[in-house]
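Colleague: The sequence shown begins at 707 in our numbering and counts up one residue at a time.
Yeah, the Cβ is synthetic: ideal placement off N, Cα and C, and Gly gets one too.
Being a predicted model, the structure only gives us computed values, none of them experimental.
First the structure, which I've put down as structure tokens, then a few questions once you've had a look.
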Amino acid sequence: MRDCWVWLAAAVALGALPATAAENDRILPYPVRESRLENGLRVISVPFDSPGIIAYYTVVRTGSRNEVEKGLSGFAHFFEHMMFRGTEKYPQEKYQAVTKALGADTNAFTTDDWTCYHLTAPASALAKVVEIESDRFQNLKYDEPAFQKEARAVLGEYNKNASSPFLILDETMQDKAYTTHTYKHTTIGFLADVKDMPNQFAYSKTFFDRWYRPENCTIVVAGDVSHEKLLELVRKDYGVWMRGRASVTIPSEPEQTAERSARLTWPVPTLPILYLGFHIPSGDPRNPDTAALGALAQAVFGETSPLYQKLVLDEQKAVMLVASADEKRDPSLFTVLARVRKAADVAGVRQQVEEALADAAKTPIDRARLDAIKDHLRYEFAGSLKSADAVALAVGASIAITDRPDSMNELYAAYDRLTPEDLQRVAKKYFAKSNETVVTLESETKK
């Protein structure tokens, strides 16, 4: 078992030592303590000033990217639902009664890269929380009728989401931009696979056995927590959990060499949407391009950018203009989305967006403006760390993307080092027409 303690960060956070410049670079100012059980399960505690309250997160480094078999997408999201079905010791109704009696708030979510189960509970309930969570991860129990019922519920969720144009936009972007990698499908899965899911009871057992194993999971507890007590409880209740044996290969996405496009229509009136995607590296901040692309999104498309001021405020051709350098475990996309007032303006808005990216490759951003963007990014993230739940989420997301609990410190240190030339460099590198996928959506025209 390995145990490491970030002593300097702890001392600074507690005011025991003066902060040096290097320590001031840490965007996460709280001590992080980590241990690993013999079976591979990681245990992380982050003391935070929330007297009597803890946030208990279980990070499963499995999302839709792990769905490699053809016809079997959507199972990571499916298990987000299924994990609340209960066990022999704690059936669904008893699990809900226990968490309600504790005053605990429990939920889950799934992304392309990870599935997260989280509770906010009284610190005094830690032993019971460890007991019930360890039980469902090791002893989840369901029969075929229960499986089919939940699979049909997932189809219902898909149909509900499909009432918005943004689901088909995301589906089309991912399907067009990716040819090989499993990011080709959205988190909920291909519709044909979701419809067929009730027939895949046997495979569901394979998926669970493959990924819900201790070496693929991390427990993160933030708030009013003692690491020694947490580790003692986890060792007792999770220590017999057996390692897995299965492994899969996630296919690599080849380089895009020509522009791709799709034109969608929507059956009821809606504002036209322009959606652009460009391939970029994974979100690991050890690659300097990660921070540069994040800052570039703000510089070119943020609310203080010239393009936003022109399209949204002055000309009012767009009601929305947002960009994101998606930080994912594998190479992902830099996306730009514009919701336009009139269909006739879509082509002109696209031209202006592409010209703004071309200008970013030709002319370095003003250094003072870059400094303001850095400050905005830092204060926005730091300001979000207002609760034990927010801290646990930030640490969980860091683990999901990089397998390191404090890689956000690396990211914000990389932001601090950025120069105008860095933004210019990534603009030249990634925003070629050959690397672009364009999806447009407009209302159907009546004939």
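Using 8 Å as the limit for Cβ to Cβ distance, is residue 1126 near chain C?
Modeller: Annotation note: the requested chain C is absent from the structure, which comprises a single protein chain.
Colleague: Under three-state DSSP, which class holds residue 985?
Modeller: Here residue 985 refers to the residue found at position 279 of the sequence shown. Note: residue 985 maps to strand in three-state DSSP.
Colleague: Cα separation between residue 797 and residue 832?
Modeller: The residue given as residue 797 occupies position 91 in the sequence shown. The residue given as residue 832 occupies position 126 in the sequence shown. Distance between the alpha carbons of residue 797 and residue 832: 20 Å.
Colleague: Residue 946: buried (16+ other C-beta within 10 angstroms of its C-beta) or exposed?
Modeller: Here residue 946 corresponds to residue number 240 of the sequence shown, with the count starting at 1. Label assigned to residue 946: exposed.
Colleague: Jot down the residue ranges of each uninterrupted alpha helix (DSSP H) in the segment 866-900, minimum 4 residues, whole runs only, in chain order.
Modeller: Listed in chain order, the complete alpha helix (DSSP H) runs (minimum 4 residues) inside the segment 866-900 are 871-883.
Colleague: Would you call the segment 952-972 and the segment 850-862 in contact, with 3 or more CB pairs under 8 Å?
Modeller: No: the two stretches stay apart, fewer than three of their Cβ pairs being nearer than 8 Å.
Colleague: What's the C-alpha gap between residue 975 and residue 1146?
Modeller: Taking the first residue of the sequence shown as position 1, residue 975 is located at position 269. Taking the first residue of the sequence shown as position 1, residue 1146 is located at position 440. Cα to Cα, residue 975 sits roughly 15 Å from residue 1146.
Colleague: Short check: CB of residue 892 to CB of residue 876, under 8 Å?
Modeller: If you number the sequence shown from 1, residue 892 lands on position 186. If you number the sequence shown from 1, residue 876 lands on position 170. A contact, by the Cβ cut-off of 8 Å.
Colleague: Assuming residue 825 is part of the beta strand (DSSP E), what are its boundary residues?
Modeller: The count along the sequence shown starts at 1 and reaches residue 825 at position 119. 821-828 is the extent of the beta strand (DSSP E) around residue 825.
Colleague: Confirm, please, whether the CB-CB distance from residue 789 to residue 814 is below 8 Å.
Modeller: The residue you call residue 814 lines up with position 108 of the sequence shown. The residue you call residue 789 lines up with position 83 of the sequence shown. Against a cut-off of 8 Å, the Cβ pair of residue 789 and residue 814 comes out as a contact.
Colleague: Tell me where the alpha helix (DSSP H) around residue 763 begins and ends.
Modeller: For this step, residue 763 is matched to residue 57 along the sequence shown. Run containing residue 763: none in the alpha helix (DSSP H); it sits in the beta strand (DSSP E), 759-766.
Colleague: Hey, residue 817 and residue 786 are a contact pair by Cβ (cut 8 Å); roughly how many whole angstroms apart?
Modeller: Position 111 of the sequence shown, counted from the start, is the residue given in the question as residue 817. Position 80 of the sequence shown, counted from the start, is the residue given in the question as residue 786. About 10 Å; that fails the 8 Å criterion.
Colleague: Which class does residue 840 belong to by DSSP, given the choice of helix, strand or coil?
Modeller: Here residue 840 is taken as the residue at index 134 of the sequence shown, counted from 1. In this structure, residue 840 counts as helix in the three-state DSSP scheme.
Colleague: Could you tell me which uninterrupted alpha helix (DSSP H) segments, each at least 4 residues in length, are contained entirely in the segment 738-817, listed from first to last along the chain?
Modeller: Segments of the alpha helix (DSSP H) lying fully in the segment 738-817: 781-788 and 798-808.
Colleague: Let me know the secondary structure DSSP gives residue 1044 once reduced to three states.
Modeller: For the purposes of this step, residue 1044 is identified with residue 338 of the sequence shown, where counting begins at 1. Reduced to three states, the DSSP call for residue 1044 is strand.
Colleague: Is it the case that the segment 1087-1100 contacts the segment 960-973, given that we only count it when at least three CB pairs across the two stretches are under 8 Å?
Modeller: No, the segment 960-973 does not touch the segment 1087-1100.
Colleague: Going by DSSP, what residues sit across from residue 1114 in a beta bridge?
Modeller: Translated into the one-based positions of the sequence shown, residue 1114 becomes position 408. Per DSSP, none; premise fails for residue 1114.
Colleague: How long is the line joining the alpha carbons of residue 1126 and residue 943, rounded to whole angstroms?
Modeller: In the sequence shown, counting from the first residue as 1, residue 1126 sits at position 420. In the sequence shown, counting from the first residue as 1, residue 943 sits at position 237. So the two alpha carbons sit approximately 52 Å from each other.
Colleague: According to DSSP, is residue 910 part of a helix, a strand, or is it coil?
Modeller: Here the question's residue 910 lines up with position 204 in the sequence shown. The answer is helix: DSSP assigns residue 910 an H, G or I state.
Colleague: Identify which residue in 1093, 1057, 741 and 1071 has its Cα closest to the Cα of residue 923.
Modeller: Locating residue 923 in the sequence shown gives position 217, where the first residue counts as 1. Nearest of 1093, 1057, 741 and 1071 to residue 923, Cα basis: 741.
Colleague: What residue from 827, 925 and 1109 has the CA that sits closest to residue 1093's CA?
Modeller: Indexing the sequence shown from 1 puts residue 1093 at position 387. The residue with the shortest Cα to Cα distance from residue 1093 is 827.
Colleague: Between the beta-carbon of residue 1066 and the beta-carbon of residue 1002, is there less than 8 Å?
Modeller: Taking the first residue of the sequence shown as position 1, residue 1066 is located at position 360. Taking the first residue of the sequence shown as position 1, residue 1002 is located at position 296. Yes, the Cβ-Cβ distance between residue 1066 and residue 1002 is below 8 Å.
Colleague: Would you decide whether residue 1013 is buried or exposed? Buried here means 16 or more other CB atoms lie within 10 Å of its CB.
Modeller: Position 307 of the sequence shown, counted from the first residue, corresponds to residue 1013. By the 10 Å Cβ count, residue 1013 comes out buried.
Colleague: If you scan the segment 912-980 from start to end, which runs of the beta strand (DSSP E) of 3 or more residues do you find wholly inside it?
Modeller: Segments of the beta strand (DSSP E) lying fully in the segment 912-980: 923-929 and 966-972.
Colleague: Decide if the segment 927-934 is in contact with the segment 739-756; the criterion is three or more beta carbon pairs, one per stretch, under 8 Å apart.
Modeller: Segments in contact, yes.
Colleague: Rounded to whole angstroms, what is the Cα-Cα separation between residue 1133 and residue 760?
Modeller: Indexing the sequence shown from 1 puts residue 1133 at position 427. Indexing the sequence shown from 1 puts residue 760 at position 54. Each residue's Cα considered, the two are about 42 Å apart.
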